[in-house]
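Using our numbering, the first residue of the sequence shown is number 220, and each one after it goes up by one. Yeah, the Cβ is synthetic: ideal placement off N, Cα and C, and Gly gets one too. Below you'll find the structure, written out as C-alpha coordinates, and then a few comments.
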Amino acid sequence: MKKMIFPKSLKKGDKIAVISPAGAVDTSQLEKGIEMIKSRGFEPVLGEHLYTKFSNGYNYAGTEKERTKDINWALNDQEIRAVWASRGGYGCQHLIQHLTLKNFKENPKWYIGYSDNTVIQSYLMKKGFASIHGQTIKTSSFGVTDESYDLIFDILKGKKPKYTLESHQLNKKGSIQGELVGGNLALIYALLGTKYSFDFKDKILFIEDIGENFYALDRMIMSLELAGVFNKIKGLIVGGMTNMGDEKENNSYEESFDEFVYKLISDRISKYNFPVVFAFPNGHIKDNRPLIIGAEINIKADDKVKVEF
220 MKKMIFPKSL KKGDKIAVIS PAGAVDTSQL EKGIEMIKSR GFEPVLGEHL YTKFSNGYNY
280 AGTEKERTKD INWALNDQEI RAVWASRGGY GCQHLIQHLT LKNFKENPKW YIGYSDNTVI
340 QSYLMKKGFA SIHGQTIKTS SFGVTDESYD LIFDILKGKK PKYTLESHQL NKKGSIQGEL
400 VGGNLALIYA LLGTKYSFDF KDKILFIEDI GENFYALDRM IMSLELAGVF NKIKGLIVGG
460 MTNMGDEKEN NSYEESFDEF VYKLISDRIS KYNFPVVFAF PNGHIKDNRP LIIGAEINIK
520 ADDKVKVEF
(Lines of atoms letter the chains of each structure in order from A; the text may use other names.)
(Lines give C-alpha, C1' and ligand atoms only; values in the text may rest on other atoms or scores of the structure.)
Protein backbone atom coordinates (compact mmCIF):
# COMPACT_ATOMS: atom_id res chain seq x y z
CA MET A 220 0.00 0.00 0.00
CA LYS A 221 1.29 3.43 -0.99
CA LYS A 222 2.35 5.55 1.97
CA MET A 223 0.15 8.63 2.36
CA ILE A 224 1.89 11.98 1.90
CA PHE A 225 1.26 14.75 4.42
CA PRO A 226 2.01 18.39 3.60
CA LYS A 227 4.68 20.25 5.55
CA SER A 228 3.67 22.40 8.49
CA LEU A 229 2.98 26.06 7.81
CA LYS A 230 4.93 28.90 9.37
CA LYS A 231 4.03 32.54 9.96
CA GLY A 232 3.81 34.50 6.74
CA ASP A 233 2.93 31.51 4.58
CA LYS A 234 0.29 32.05 1.89
CA ILE A 235 -3.11 30.36 2.01
CA ALA A 236 -5.18 30.38 -1.18
CA VAL A 237 -8.92 30.92 -0.78
CA ILE A 238 -10.97 29.58 -3.71
CA SER A 239 -14.58 28.78 -4.59
CA PRO A 240 -14.68 25.38 -6.33
CA ALA A 241 -18.46 24.98 -6.09
CA GLY A 242 -21.21 27.36 -4.93
CA ALA A 243 -21.13 31.14 -5.23
CA VAL A 244 -20.30 33.41 -2.29
CA ASP A 245 -20.56 37.11 -1.48
CA THR A 246 -17.71 39.17 -0.04
CA SER A 247 -19.59 39.67 3.22
CA GLN A 248 -19.75 35.91 3.78
CA LEU A 249 -15.96 35.54 3.74
CA GLU A 250 -14.77 38.71 5.47
CA LYS A 251 -14.58 37.11 8.92
CA GLY A 252 -12.75 34.01 7.67
CA ILE A 253 -10.24 35.96 5.61
CA GLU A 254 -9.50 38.26 8.55
CA MET A 255 -9.06 35.17 10.71
CA ILE A 256 -6.32 33.89 8.39
CA LYS A 257 -4.55 37.24 8.67
CA SER A 258 -4.89 37.31 12.46
CA ARG A 259 -3.14 33.95 12.69
CA GLY A 260 -0.12 35.35 10.89
CA PHE A 261 -0.77 33.91 7.44
CA GLU A 262 -1.38 35.68 4.14
CA PRO A 263 -4.68 34.95 2.37
CA VAL A 264 -4.41 34.98 -1.41
CA LEU A 265 -7.77 35.19 -3.14
CA GLY A 266 -8.54 33.18 -6.24
CA GLU A 267 -9.30 35.18 -9.37
CA HIS A 268 -12.86 33.84 -9.47
CA LEU A 269 -13.49 33.64 -5.72
CA TYR A 270 -16.52 35.94 -6.00
CA THR A 271 -17.52 35.19 -9.59
CA LYS A 272 -21.13 34.15 -10.15
CA PHE A 273 -22.52 31.94 -12.89
CA SER A 274 -26.03 30.51 -12.93
CA ASN A 275 -26.99 27.41 -14.89
CA GLY A 276 -29.74 25.93 -12.79
CA TYR A 277 -27.52 26.48 -9.74
CA ASN A 278 -25.53 29.50 -8.55
CA TYR A 279 -21.93 28.49 -9.17
CA ALA A 280 -18.79 30.47 -8.37
CA GLY A 281 -17.98 30.82 -12.05
CA THR A 282 -18.08 28.52 -15.04
CA GLU A 283 -16.45 25.10 -14.88
CA LYS A 284 -13.47 26.53 -16.76
CA GLU A 285 -13.12 29.46 -14.33
CA ARG A 286 -13.40 27.26 -11.22
CA THR A 287 -10.96 24.74 -12.69
CA LYS A 288 -8.48 27.52 -13.40
CA ASP A 289 -8.60 28.70 -9.80
CA ILE A 290 -8.19 25.30 -8.18
CA ASN A 291 -5.35 24.27 -10.48
CA TRP A 292 -3.60 27.57 -9.74
CA ALA A 293 -4.03 27.09 -5.99
CA LEU A 294 -2.87 23.48 -6.01
CA ASN A 295 0.20 24.09 -8.15
CA ASP A 296 1.46 27.58 -7.35
CA GLN A 297 4.77 27.14 -5.54
CA GLU A 298 4.16 30.11 -3.24
CA ILE A 299 0.87 28.76 -1.90
CA ARG A 300 1.20 26.59 1.22
CA ALA A 301 -2.46 25.61 1.79
CA VAL A 302 -5.75 25.77 -0.11
CA TRP A 303 -8.96 26.64 1.75
CA ALA A 304 -12.36 26.29 0.09
CA SER A 305 -14.76 29.17 0.61
CA ARG A 306 -17.77 26.83 0.80
CA GLY A 307 -19.29 23.63 -0.56
CA GLY A 308 -22.67 23.48 -2.24
CA TYR A 309 -22.43 21.75 -5.60
CA GLY A 310 -19.91 21.78 -8.43
CA CYS A 311 -16.70 20.02 -7.38
CA GLN A 312 -17.57 16.98 -9.51
CA HIS A 313 -17.22 19.20 -12.57
CA LEU A 314 -13.56 19.81 -11.81
CA ILE A 315 -11.93 16.47 -11.01
CA GLN A 316 -11.46 15.37 -14.63
CA HIS A 317 -9.48 18.55 -15.24
CA LEU A 318 -7.26 18.71 -12.16
CA THR A 319 -3.50 18.66 -12.48
CA LEU A 320 -1.03 17.99 -9.71
CA LYS A 321 2.22 18.53 -11.61
CA ASN A 322 3.74 21.03 -9.15
CA PHE A 323 1.58 19.89 -6.25
CA LYS A 324 3.42 16.56 -6.17
CA GLU A 325 6.69 18.42 -5.60
CA ASN A 326 5.12 20.79 -3.09
CA PRO A 327 2.13 19.10 -1.38
CA LYS A 328 -0.19 21.42 0.53
CA TRP A 329 -3.21 21.01 2.76
CA TYR A 330 -6.61 21.22 1.10
CA ILE A 331 -9.29 22.29 3.60
CA GLY A 332 -13.04 21.95 3.22
CA TYR A 333 -16.00 19.67 3.64
CA SER A 334 -19.44 18.96 2.14
CA ASP A 335 -19.07 19.06 -1.68
CA ASN A 336 -15.28 19.27 -1.24
CA THR A 337 -15.36 15.55 -0.39
CA VAL A 338 -14.95 15.03 -4.14
CA ILE A 339 -11.64 16.90 -4.20
CA GLN A 340 -10.45 15.09 -1.09
CA SER A 341 -11.26 11.72 -2.59
CA TYR A 342 -9.28 12.71 -5.70
CA LEU A 343 -6.29 13.77 -3.61
CA MET A 344 -6.35 10.61 -1.54
CA LYS A 345 -6.42 8.46 -4.68
CA LYS A 346 -3.23 10.29 -5.65
CA GLY A 347 -1.70 9.62 -2.23
CA PHE A 348 -2.24 12.95 -0.43
CA ALA A 349 -3.95 13.65 2.88
CA SER A 350 -6.38 16.56 3.34
CA ILE A 351 -8.41 18.24 6.07
CA HIS A 352 -12.14 17.61 6.30
CA GLY A 353 -13.03 20.74 8.23
CA GLN A 354 -14.91 24.01 8.25
CA THR A 355 -14.87 26.17 5.13
CA ILE A 356 -14.08 29.90 5.19
CA LYS A 357 -17.80 30.68 4.93
CA THR A 358 -19.46 29.80 8.21
CA SER A 359 -22.71 27.87 8.04
CA SER A 360 -26.09 29.42 8.78
CA PHE A 361 -26.05 27.81 12.22
CA GLY A 362 -22.61 29.23 13.03
CA VAL A 363 -19.38 27.49 13.96
CA THR A 364 -17.34 27.32 17.14
CA ASP A 365 -14.00 29.06 17.44
CA GLU A 366 -12.50 25.69 18.33
CA SER A 367 -13.53 24.32 14.93
CA TYR A 368 -11.13 26.79 13.33
CA ASP A 369 -8.50 26.62 16.09
CA LEU A 370 -8.11 22.89 15.50
CA ILE A 371 -7.61 23.41 11.76
CA PHE A 372 -4.82 25.89 12.42
CA ASP A 373 -3.29 23.38 14.86
CA ILE A 374 -3.15 20.81 12.04
CA LEU A 375 -1.67 23.37 9.64
CA LYS A 376 1.07 24.01 12.20
CA GLY A 377 1.82 20.30 12.60
CA LYS A 378 -0.27 19.27 15.60
CA LYS A 379 -2.48 16.23 15.05
CA PRO A 380 -5.83 16.15 16.83
CA LYS A 381 -6.95 13.93 19.69
CA TYR A 382 -10.60 13.71 20.66
CA THR A 383 -12.34 12.27 23.71
CA LEU A 384 -16.11 12.06 23.37
CA GLU A 385 -19.14 10.83 25.25
CA SER A 386 -20.34 7.41 24.12
CA HIS A 387 -23.56 7.29 22.11
CA GLN A 388 -26.15 4.67 22.96
CA LEU A 389 -25.98 3.18 19.44
CA ASN A 390 -22.19 2.85 19.38
CA LYS A 391 -20.65 -0.55 18.76
CA LYS A 392 -17.74 -0.93 21.11
CA GLY A 393 -14.25 -1.93 20.00
CA SER A 394 -10.73 -0.75 19.23
CA ILE A 395 -9.48 -0.29 15.69
CA GLN A 396 -6.66 1.31 13.76
CA GLY A 397 -6.80 2.22 10.11
CA GLU A 398 -6.72 4.86 7.42
CA LEU A 399 -9.61 7.34 7.41
CA VAL A 400 -11.68 7.85 4.26
CA GLY A 401 -14.98 9.57 3.57
CA GLY A 402 -16.77 12.85 4.13
CA ASN A 403 -20.17 13.89 2.86
CA LEU A 404 -22.36 10.82 2.31
CA ALA A 405 -24.12 12.18 -0.78
CA LEU A 406 -20.75 12.68 -2.51
CA ILE A 407 -19.38 9.31 -1.40
CA TYR A 408 -22.55 7.84 -2.91
CA ALA A 409 -22.20 9.94 -6.09
CA LEU A 410 -18.65 8.67 -6.68
CA LEU A 411 -19.44 4.97 -6.23
CA GLY A 412 -18.49 3.02 -9.34
CA THR A 413 -16.23 5.76 -10.69
CA LYS A 414 -12.44 5.81 -10.73
CA TYR A 415 -12.60 8.71 -8.26
CA SER A 416 -14.30 6.73 -5.51
CA PHE A 417 -12.48 6.02 -2.27
CA ASP A 418 -10.80 2.66 -1.83
CA PHE A 419 -12.69 1.26 1.18
CA LYS A 420 -10.60 -1.88 1.76
CA ASP A 421 -9.53 -2.06 5.43
CA LYS A 422 -10.36 1.63 5.91
CA ILE A 423 -12.32 3.47 8.59
CA LEU A 424 -15.22 5.28 6.92
CA PHE A 425 -16.55 8.66 8.05
CA ILE A 426 -19.94 9.96 6.86
CA GLU A 427 -21.97 13.15 7.46
CA ASP A 428 -24.78 14.91 5.61
CA ILE A 429 -27.44 17.60 5.63
CA GLY A 430 -30.90 18.21 4.20
CA GLU A 431 -31.69 14.74 2.90
CA ASN A 432 -35.09 13.11 3.07
CA PHE A 433 -35.06 9.96 5.16
CA TYR A 434 -35.73 7.73 2.17
CA ALA A 435 -32.89 9.35 0.20
CA LEU A 436 -30.43 8.78 3.01
CA ASP A 437 -31.58 5.18 3.33
CA ARG A 438 -31.05 4.74 -0.41
CA MET A 439 -27.46 5.99 -0.09
CA ILE A 440 -26.72 3.62 2.80
CA MET A 441 -28.28 0.77 0.78
CA SER A 442 -26.08 1.65 -2.19
CA LEU A 443 -22.98 1.45 0.00
CA GLU A 444 -24.12 -1.95 1.17
CA LEU A 445 -24.86 -3.18 -2.36
CA ALA A 446 -21.42 -1.95 -3.44
CA GLY A 447 -19.85 -4.10 -0.71
CA VAL A 448 -18.50 -1.14 1.26
CA PHE A 449 -19.56 -2.50 4.65
CA ASN A 450 -17.84 -5.80 3.94
CA LYS A 451 -14.60 -3.95 3.30
CA ILE A 452 -14.29 -1.33 6.05
CA LYS A 453 -12.83 -1.86 9.53
CA GLY A 454 -15.00 0.72 11.27
CA LEU A 455 -17.54 3.50 10.80
CA ILE A 456 -17.76 7.05 12.19
CA VAL A 457 -21.06 8.87 11.76
CA GLY A 458 -20.92 12.64 12.13
CA GLY A 459 -23.59 15.30 11.92
CA MET A 460 -26.81 14.31 10.18
CA THR A 461 -28.50 17.68 10.19
CA ASN A 462 -31.79 19.05 8.84
CA MET A 463 -33.05 15.60 7.90
CA GLY A 464 -36.69 14.73 7.48
CA ASP A 465 -39.51 14.32 5.05
CA GLU A 466 -40.21 16.80 2.29
CA LYS A 467 -42.24 19.06 4.58
CA GLU A 468 -39.71 19.02 7.39
CA ASN A 469 -36.27 19.23 5.84
CA ASN A 470 -36.10 23.02 5.81
CA SER A 471 -36.31 23.33 9.57
CA TYR A 472 -32.60 23.07 10.44
CA GLU A 473 -33.40 21.04 13.53
CA GLU A 474 -30.60 18.78 14.66
CA SER A 475 -33.17 16.71 16.57
CA PHE A 476 -33.62 14.68 13.39
CA ASP A 477 -30.14 13.21 13.98
CA GLU A 478 -31.34 10.49 16.35
CA PHE A 479 -33.86 9.09 13.88
CA VAL A 480 -31.16 8.97 11.19
CA TYR A 481 -28.67 7.38 13.56
CA LYS A 482 -31.20 4.64 14.32
CA LEU A 483 -31.85 4.15 10.61
CA ILE A 484 -28.13 3.72 9.93
CA SER A 485 -27.66 1.51 12.98
CA ASP A 486 -30.42 -0.84 11.83
CA ARG A 487 -28.96 -1.07 8.32
CA ILE A 488 -25.49 -2.05 9.53
CA SER A 489 -26.55 -4.21 12.48
CA LYS A 490 -25.35 -7.43 10.83
CA TYR A 491 -21.76 -6.17 10.56
CA ASN A 492 -19.25 -6.59 13.37
CA PHE A 493 -17.01 -3.53 13.00
CA PRO A 494 -16.95 -0.80 15.69
CA VAL A 495 -19.24 2.18 15.09
CA VAL A 496 -19.08 5.68 16.57
CA PHE A 497 -22.17 7.89 16.30
CA ALA A 498 -22.51 11.65 16.81
CA PHE A 499 -18.90 12.55 16.03
CA PRO A 500 -18.64 16.37 16.00
CA ASN A 501 -17.88 16.94 12.33
CA GLY A 502 -20.22 17.98 9.55
CA HIS A 503 -22.86 20.65 8.97
CA ILE A 504 -23.00 21.44 12.65
CA LYS A 505 -21.75 24.22 14.89
CA ASP A 506 -19.10 22.05 16.55
CA ASN A 507 -17.26 20.99 13.39
CA ARG A 508 -13.96 19.51 14.54
CA PRO A 509 -11.57 18.64 11.71
CA LEU A 510 -10.60 15.17 10.58
CA ILE A 511 -7.62 14.25 8.40
CA ILE A 512 -8.68 12.23 5.39
CA GLY A 513 -5.95 9.74 4.57
CA ALA A 514 -4.48 9.72 8.07
CA GLU A 515 -3.99 6.63 10.19
CA ILE A 516 -6.29 6.88 13.20
CA ASN A 517 -6.78 4.90 16.39
CA ILE A 518 -10.29 4.57 17.77
CA LYS A 519 -11.25 3.12 21.12
CA ALA A 520 -15.02 3.01 21.59
CA ASP A 521 -15.98 2.09 25.12
CA ASP A 522 -17.61 4.06 27.94
CA LYS A 523 -15.79 7.00 26.36
CA VAL A 524 -14.74 7.33 22.74
CA LYS A 525 -11.12 8.21 22.04
CA VAL A 526 -9.98 9.17 18.54
CA GLU A 527 -6.29 9.83 17.97
CA PHE A 528 -4.38 10.64 14.78
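| task | Over the uninterrupted alpha helix (DSSP H) stretch that includes Ala405, give me the two end residues. | result | Here the question's residue 405 lines up with position 186 in the sequence shown. Ala405 -> alpha helix (DSSP H) spans Leu404 to Leu410.
| What residue ranges within the segment 286-348 form continuous alpha helix (DSSP H) runs of no fewer than 4 residues, ordered along the chain? | Listed in chain order, the complete alpha helix (DSSP H) runs (minimum 4 residues) inside the segment 286-348 are 337-345.
| said: What would DSSP say about Ser471, mapped onto helix, strand or coil? | reply: Translated into the one-based positions of the sequence shown, residue 471 becomes position 252. Bear in mind that a pLDDT of 46 at Ser471, under 50, signals an unreliable position, so the number given afterwards is only what the model happens to contain. DSSP places Ser471 in coil when its eight states are reduced to three.
| So, using beta-carbon positions, are Leu455 and Leu424 closer together than 8 Å? | The sequence position of residue 455 within the sequence shown is 236, counting from 1. The sequence position of residue 424 within the sequence shown is 205, counting from 1. Yes, the pair counts as a contact, with Cβ atoms nearer than the cut-off.
| query | Which residue or residues does DSSP assign as beta-bridge partners of Gln396? | reply | Translated into the one-based positions of the sequence shown, residue 396 becomes position 177. DSSP lists Asn517 as the bridge partner or partners of Gln396.
| field | Contact the segment 395-408 vs the segment 360-377: 3+ CB pairs below 8 Å | value | no
| task | Keeping to the same chain, check which residues put their C-beta closer than 8 Å to that of Asp233; ignore five residues upstream and five downstream. | result | Translated into positions along the sequence shown, residue 233 becomes position 14. Counting only Cβ-Cβ distances below 8 Å, and skipping sequence neighbours, we find Phe261, Glu262, Arg300 and Ala301.
| message | Do Ser341 and Ser416 have their beta-carbon atoms positioned less than 8 Å apart in this structure? | response | Within the sequence shown, numbered from 1, the residue matching residue 416 stands at position 197. Within the sequence shown, numbered from 1, the residue matching residue 341 stands at position 122. Yes.
| field | Backbone CA spacing between Lys345 and Phe225 [nearest angstrom] | value | Translated into the one-based positions of the sequence shown, residue 345 becomes position 126. Translated into the one-based positions of the sequence shown, residue 225 becomes position 6. Each residue's Cα considered, the two are about 13 Å apart.
| said: Once DSSP output is grouped into helix, strand and coil, what is the label at Ile456? | reply: Within the sequence shown, residue 456 is the residue found at index 237, counting from 1. Strand.
| Supposed close pair Ile395, Ile518 - CB separation, criterion 8 Å | Translated into the one-based positions of the sequence shown, residue 395 becomes position 176. Translated into the one-based positions of the sequence shown, residue 518 becomes position 299. In this structure, Ile395 and Ile518 form a Cβ contact; the two beta carbons are roughly 5 Å apart against a cut-off of 8 Å.
| said: Measuring alpha carbon to alpha carbon, tell me which residue in Val264, Ile315 and Tyr270 is nearest Ala293. | reply: Taking the first residue of the sequence shown as position 1, residue 293 is located at position 74. Ranking the options by Cα distance to Ala293, first place goes to Val264.
| query | Thinking C-beta only, is Val495 closer than 8 Å to Ser530? | reply | For the chain, the structure presents residues 220 to 528; residue 530 sits outside this window and is missing.
| request: Return the chain-ordered list of same chain residues with a C-beta closer than 7 Å to the C-beta of Lys282, the five sequence neighbours on each side being excluded. | output: The count along the sequence shown starts at 1 and reaches residue 282 at position 63. Here residue 282 is Thr; the residue named in the question, Lys, does not match the sequence. Take Thr282, set aside five residues on each side of it, and the residues of its chain with a beta-carbon closer than 7 Å to its own are Phe273, in chain order.
| Would you report the Cα separation of Arg259 and Phe372, rounded to the nearest angstrom? | In the sequence shown, counting from the first residue as 1, residue 259 sits at position 40. In the sequence shown, counting from the first residue as 1, residue 372 sits at position 153. If you take the alpha carbons of Arg259 and Phe372, they lie about 8 Å apart.
| Collapsed DSSP secondary structure at Val363 in the structure displayed | Here residue 363 refers to the residue found at position 144 when the sequence shown is read from its first residue. DSSP places Val363 in coil when its eight states are reduced to three.
| said: Taking the beta strand (DSSP E) that Val524 belongs to, which residues open and close that run? | reply: Reading the sequence shown from its first residue, position 305 is the one you call residue 524. For Val524, the enclosing beta strand (DSSP E) starts and ends at Lys523 to Glu527.
| query | Under the three-state reduction of DSSP, which class applies to Ser247: helix, strand or coil? | reply | Counting from one through the sequence shown, the residue named residue 247 turns up at place 28. In the structure shown, Ser247 sits in a helix (DSSP, three-state: H, G or I).
| What separation, rounded to the nearest whole angstrom, lies between the Cα atoms of Lys231 and Ser367? | Here residue 231 is taken as the residue at index 12 of the sequence shown, counted from 1. Here residue 367 is taken as the residue at index 148 of the sequence shown, counted from 1. In a straight line, the C-alpha of Lys231 is about 20 Å away from that of Ser367.
| Opposite Ser489 in the DSSP bridges: which residues? | In the sequence shown, counting from the first residue as 1, residue 489 sits at position 270. Ser489 is not bridged to any residue.
| field | Reduced DSSP secondary structure (H/G/I, E/B, other) of Asp428 | value | Counting from 1 along the sequence shown, the entry for residue 428 is found at position 209. Asp428: strand per DSSP, three-state reduction.
| So, using beta-carbon positions, are Gln316 and Val338 closer together than 8 Å? | Indexing the sequence shown from 1 puts residue 316 at position 97. Indexing the sequence shown from 1 puts residue 338 at position 119. Result no, Cβ atoms of Gln316 and Val338 do not sit closer than 8 Å.
| Residue from Leu269, Gly393, Tyr382 and Asp437 with nearest C-alpha to Ala520 | Working through the sequence shown from its first residue, we reach residue 520 at position 301. Closest by alpha carbon: Gly393.
| task | Leaving out five residues on either side along the sequence, give the residues of the same chain with a beta carbon under 6 Å from the beta carbon of Leu384. | result | As a working mapping, residue 384 is identified with position 165 in the sequence shown. Cβ neighbours of Leu384 beyond the five flanking positions: Val524.
| query | Are three or more beta carbon pairs between the segment 247-254 and the segment 319-334 nearer than 8 Å? | reply | Cβ pair count under 8 Å is below three, so no.
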